[in-house]
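Just below is one structure, and these are the notes that go with it.
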Amino acid sequence: MIDIHSHILPGLDDGAINMEETLGMVRQLHEAGFKTLIATPHVLEGREFLSPAEILAATEQVRERVAEAGISVEILPGAENYIFPDMAKWALEGKLMTLGNSGKYLLVELPMLEIPHYTDQVFFELQVNGMIPVLAHSERQKVLADEPERLLDWAKKGILFQLNLRSLSGKYGPQARRIAELMLHSNLIHFIGSDAHRLSHSESTYQEALQIVKEIVGEGRFREVTLTNSQSIVEGKPMQGVRDYYLIEPVLKKRKSKFWGLFRG
Ligand SMILES: [Fe+2]
């Protein structure tokens, strides 16, 4: 399996603090079944900006230490890029790190509580220039949770979605869990990611979440979202196959009433 979203590079963001923690996280993700990890530190336009060169250098250091430690995991560079108006321009100029440094797939983070007015414009500019936006953990975004039809609209336009595995265990609350399940039922998840910032307290966290994914989407699509789709990222190629997107409303309604029932009851 390939994890396309992790904060394993030490000292670059709010993820791993030092190399020791990095190695612990890498070992844990390896034990959960991941053979490839894309390191995606937070990248924000401004003073704290992290350049592709810095990310590449840190990735190389981690690769060396992981090899020395005898953990058979491939570490690839990437970034979780917080959206800003000139994002597409920067990406095309090579100033933003793409997933796997393939130059094609860009992991994009939206603010949690709003969708900036320039979001569609950024997606469009990326796409007309041959790049593919991958939205990080959409199930955690408040506006998208309230209006999941926007996810459907974006999917039909070619935007891809990455799910945080721990959303399924309720780490980010009942709403994120509900939307995570809705997206899995609705064929709206293309990739999974750990979004690991620390060592997980429970060794089985990722395995349990992966099991839920498998139960919802079935063996065939499980392989797609954990491996084959992500291989396209690593190879910098378009994804294979035609996808049919929909929203399975009964799941949404059922979960919604159950959710609100908690407050009424
Ligand atoms: Fe993240």
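Start counting at 1 in the sequence shown, then tack on 12, and there's your number in this note's numbering.
A virtual CB, placed ideally from N, CA and C, is assigned to each residue, including glycine.
In terms of side-chain proximity, the C-beta atom of residue 207 is found nearer than 7 Å to a non-hydrogen atom of ligand 1. Under the DSSP assignment, residue 214 falls outside any beta strand (DSSP E); it carries neither an H nor an E label. For residue 97, the three-state secondary structure derived from DSSP is coil. Cβ contact annotation for residue 245 (same chain, cutoff 6 Å, sequence separation greater than five): 111, 112, 117, in chain order. Within the same chain, Cβ atoms closer than 6 Å to the Cβ of residue 99 are found at 134, the five residues on either side in sequence being excluded. Under DSSP, residue 54 takes part in a beta bridge, and its partners are 92.
In its chain, beyond the 5 residues on either side, 57 have a beta carbon closer than 6 Å to the beta carbon of residue 96. At a cut-off of 7 Å, the beta-carbon of residue 60 does not count as near ligand 1: no heavy atom of the ligand is closer than that.
Residue pairing from DSSP places residue 174 in a beta bridge opposite 203. Taking a contact to require three or more Cβ pairs closer than 8 Å, the segment 143 to 155 and the segment 187 to 205 qualify as touching. Distance from the Cα of residue 260 is smallest, within the candidate group 202, 208, 203, 198, for 198. Between residue 146 and residue 172 the beta-carbon gap is near 5 Å, inside 8 Å, which marks them as a contact. The Cβ atoms of residue 17 and residue 92 lie closer than 8 Å to each other. Counting the other Cβ atoms within 10 Å of the Cβ of residue 141 gives fewer than 16, which makes it exposed. For residue 126, the secondary structure class from DSSP, reduced to helix, strand or coil, is coil. Following the DSSP letters along the chain, one finds residue 15 inside the beta strand (DSSP E) bounded by residues 14 to 18. Apart from the 5 residues on each side of it in sequence, residue 221 sits with its Cβ closer than 7 Å to the Cβ of 177, 178, 180, 181 in its chain, given in chain order.
Residue 26 sits close to residue 54, with the two beta carbons spaced by under 8 Å.
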